[in-house]
Amino acid sequence: MRTLIERFWADLGNLQRVYIVRHSQTRRDRLTSFYRDSLTELSSIGFDTLAGDGQADYVLLRNYCEKQIDLLENEARDEARYAALIPFAKAITDLDEARRRMEPVEPEKAAGVLNDLAKQLKDLVPTLGDSLKGSKFEGNQAALAVKNLRETLKNWFSFYKGYDPLFTWWCDEPYKTADKELETYAGAIKEKILGVKPDDENAIVGNPIGREALLNALRFEMLPYSPEELLAIADEEYAWCLLEAKRAAGELGFGDDWRKALEHVKELHVEPGKQPQMIRELAVEAVQFLKDRDLLTIPPLAEESWRMEMMSPERQLVNPFFLGGEAIIVSYPTDSMSHEAKRMSMRGNNRYFARATVQHELIPGHHMQGFMMARYRPYRRGFNTPFWIEGWALYWEMLLWDLGFPRTPEERMGMLFWRMHRCVRIQFSLRFHLGELTAEQCIDMLVDQVGHERANAEGEVRRSFNGNYPPLYQVAYMLGGLQLRALRRELVDSGRMTNREFHDAILHENIMPIEMVRAVLTGEKLTSDYQTRWRFRR
73 MRTLIERFWA DLGNLQRVYI VRHSQTRRDR LTSFYRDSLT ELSSIGFDTL AGDGQADYVL
133 LRNYCEKQID LLENEARDEA RYAALIPFAK AITDLDEARR RMEPVEPEKA AGVLNDLAKQ
193 LKDLVPTLGD SLKGSKFEGN QAALAVKNLR ETLKNWFSFY KGYDPLFTWW CDEPYKTADK
253 ELETYAGAIK EKILGVKPDD ENAIVGNPIG REALLNALRF EMLPYSPEEL LAIADEEYAW
313 CLLEAKRAAG ELGFGDDWRK ALEHVKELHV EPGKQPQMIR ELAVEAVQFL KDRDLLTIPP
373 LAEESWRMEM MSPERQLVNP FFLGGEAIIV SYPTDSMSHE AKRMSMRGNN RYFARATVQH
433 ELIPGHHMQG FMMARYRPYR RGFNTPFWIE GWALYWEMLL WDLGFPRTPE ERMGMLFWRM
493 HRCVRIQFSL RFHLGELTAE QCIDMLVDQV GHERANAEGE VRRSFNGNYP PLYQVAYMLG
553 GLQLRALRRE LVDSGRMTNR EFHDAILHEN IMPIEMVRAV LTGEKLTSDY QTRWRFRR
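Laid out in structure tokens, this is it:
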């Protein structure tokens, strides 16, 4: 199976490098055909003849192909919703796809296409918001599509310009005109449908996918739960966090007013220029804690090879907190920020919030994951799921809490802030996609129930709904962590594995839905048509 999967990734990579034109039915059709052919090939393999690892790989590849087909179908359905706003898309994609097929270009004909495109765009602008309408989601998607189509047209034009004198003679001016009209049209969509300025990149517009689509996504991530059941789990976890936050507040002299305690902690930040040194100290502290308790095998090179970068002010609008992996990317104010932005960034990245974040991003979190993924069963890296990636890092936050990593009420408040944050992520993500909350209400929830600075809450919601995150990404932190916690109870608390054996085994199996991690580690009998069934929450 490993050889088959490695060939699958190689073949898929070839196709994805060729069929890269967005908003192209040709791309969707070719990739769908590839996934269906792969499923046919997979079904010809004798499942019962495969070893345990091979059977797990079979199920993983089947699930991956079925998921990708579903995503392509969803993409087509979404694009159909705003197709009326980009009626010129095919003209652009046809040009670039012909180039990629290496068909000879006809300069005069191409110039005519560009000329017609510019006229069509100019005629469409006055109709926007009148006869040509759409929802905010449709308008946002159309504006993003125009931006992408503009880049596609630029790549097409740049391929020939200067290399083909006749092409340049015919197409130079028509291209410039069409490009300008595309820019104008994208701005007009923003103004007339989204109600924002043409250069506003910060409007928060999401796409509530609905309950049935959520159930489908949960099935592919191997969680046999309904959205409503997951919301109930989030409520239970939040109630625990609230109780602990009130207890810490009492120790700090604030009674049960956890918000005042949180405000106290937010002011405990280092002065400008001192954040990198603090991050290093916190990273060393976390690693030593793991070593002292023999929790995980930490290769010396993993400990040696992480590095630090600083996050730009622009990027902090979307990611107000740390990001990480081999490089931890630190959010902290720069001299170019406004006074208010500086204060919010410092408060949101204080010492005690950072103490919980550093181990999440580095060791034992994402840096450790990435280091091991490159070395153990790397052919599984394509089976990407946030429930394994983010769930692992969140699981360690819970385990470290249980093992006494937070020593003071300030340290406990810092960890509880993030834990409450993960609970509310489940709430606002699922309720948004169920159509129960608006983006603005999601922001309010983060401010009121977690204690976020408002600008940071806006960045969180913007990141959740405007970016490339799948709809279940934000719920995966807490739920993936709870899955791993349940699995640890099953294997470590029962004496079947030590902490080190358990944690090393998870990393050695590489990325996959946590239910499949459980199947591999427990030796569960699988079938070729295996479907999710593990109820990890009791």
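Going by the working numbering, the letters in the sequence shown line up with residues 73 to 610, in that order. Glycine included, every Cβ here is placed at the ideal spot set by N, Cα and C.
Out of 219, 567, 339, point me to the one whose CA is closest to residue 423's CA. 339
Could you check what DSSP says for residue 395 in three-state terms: helix, strand or coil? strand
Could you give the DSSP three-state label for residue 379: helix, strand or coil? strand
Evaluate residue 95 with the Cβ neighbour count: other Cβ atoms within 10 Å of its Cβ, from every protein chain shown; 16 or more gives buried, anything less gives exposed. buried
Nearest CA to the CA of residue 468: which residue from 455, 553, 385? 553
Can you check which of these residues, 445, 352, 574, is closest to residue 402 by C-alpha distance? 352
Rounded C-beta distance between residue 453 and residue 445? I'm assuming under 8 Å. 6 Å
Opening and closing residue of the alpha helix (DSSP H) in which residue 117 lies: Looking at the DSSP string, residue 117 is not in any alpha helix (DSSP H), and its letter there is neither H nor E.
For my contact list, residue 432 and residue 397 are in at a C-beta cut-off of 8 Å; report their separation, rounded to the angstrom. Rounded, the Cβ-Cβ distance is 11 Å, inconsistent with contact.
Considering only residues of the region 232 to 279, which uninterrupted alpha helix (DSSP H) runs meet the minimum length of 4 residues and lie entirely inside it, listed in chain order? 237 to 261
Just to confirm, are residue 104 and residue 169 a CB contact at a threshold of 8 Å? no
Given a cut-off of 8 Å on the beta-carbon distance, is the pair residue 224 and residue 93 in contact? yes
Could you tell me if residue 421 is buried or exposed, where buried requires 16 or more neighbouring beta carbons within 10 angstroms of its beta carbon? buried
Would you decide whether residue 532 is buried or exposed? Buried here means 16 or more other CB atoms lie within 10 Å of its CB. buried
With a threshold of 16 other CB atoms inside 10 Å of the CB of residue 115, please say whether the residue is buried or exposed. exposed
Can you tell which of 131, 75, 107 has the C-alpha that lies nearest to the C-alpha of residue 601? 131
Could you have a look at residue 592 and say whether DSSP puts it in helix, strand or coil? helix
Quick check on residue 133: buried or exposed, where buried means 16 or more other Cβ atoms within 10 Å of its Cβ? buried
Tell me whether residue 167 sits in a helix, a strand or coil according to DSSP, three-state version. helix
Helix, strand or coil for residue 402? Go by DSSP, reduced to three states. strand
On a Cα-Cα basis, can you pick out the residue from 451, 370, 447, 490 that is closest to residue 427? 490
Please report the distance separating the alpha-carbon of residue 354 from that of residue 576. 23 Å
Please determine, among 594, 525, 451, 483, the residue with the shortest C-alpha to C-alpha distance to residue 82. 451
Suppose you measure from the CA of residue 369 to the CA of residue 608; what does that come to, to the nearest Å? 26 Å
Cutting at 8 Å between CB atoms, please list the residues of its own chain near residue 218, excluding the five before and the five after it. 158, 254, 257, 258, 261
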